[in-house]
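Notes for the one structure printed next.
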Amino acid sequence: ILMDDIRSRRYKLNKVMVDGNIPHRVKKDAHAVILEFIRSRPPLRKASERKLAPRVHYTATPREQLLESIKQGQAKLRPSASPFKKKEFMLLTTPRRSKTSDIKMDVAIEEIVIN
1 ILMDDIRSRR YKLNKVMVDG NIPHRVKKDA HAVILEFIRS RPPLRKASER
51 KLAPRVHYTA TPREQLLESI KQGQAKLRPS ASPFKKKEFM LLTTPRRSKT
101 SDIKMDVAIE EIVIN
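The sequence shown runs 1 to 115 under full-length UniProt numbering.
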């Protein structure tokens, strides 16, 4: 800029941010844009006027029903046969035998081994 232009003020300076402050005009424009967007949206209905969808009926699974009845103390539980207890009982009552199995060789393998 020439000295003559400075004296006659024939220049226009752009506003810049100073210490993170935004120029007032930019703030005002952004505020106006936000308000315009809000006003352009359809108005909200009051909560008393809103209709909610009917509730979906939830059916509990048989497992959940059993657990709920146990919590309430209504279920009549009785012991059941457990495969683990049966194994333990069998191990205690029967004498231990070593497990051996006979290996039967195939005829073709026998001939190869013999020859």
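Backbone N, C-alpha and C define an ideal beta-carbon position, used for all residues, glycine too.
Here the structure is a predicted model, which means the values were calculated and not measured.
Beta carbon of Asp-5 nearer than 7 Å to that of Tyr-11:
yes
Measuring only the C-alpha atoms, how far is Lys-27 from Arg-9?
26 Å
Mapping DSSP to helix, strand and coil, what is Leu-44?
coil
Ser-69 versus Ile-34 - alpha carbon distance
56 Å
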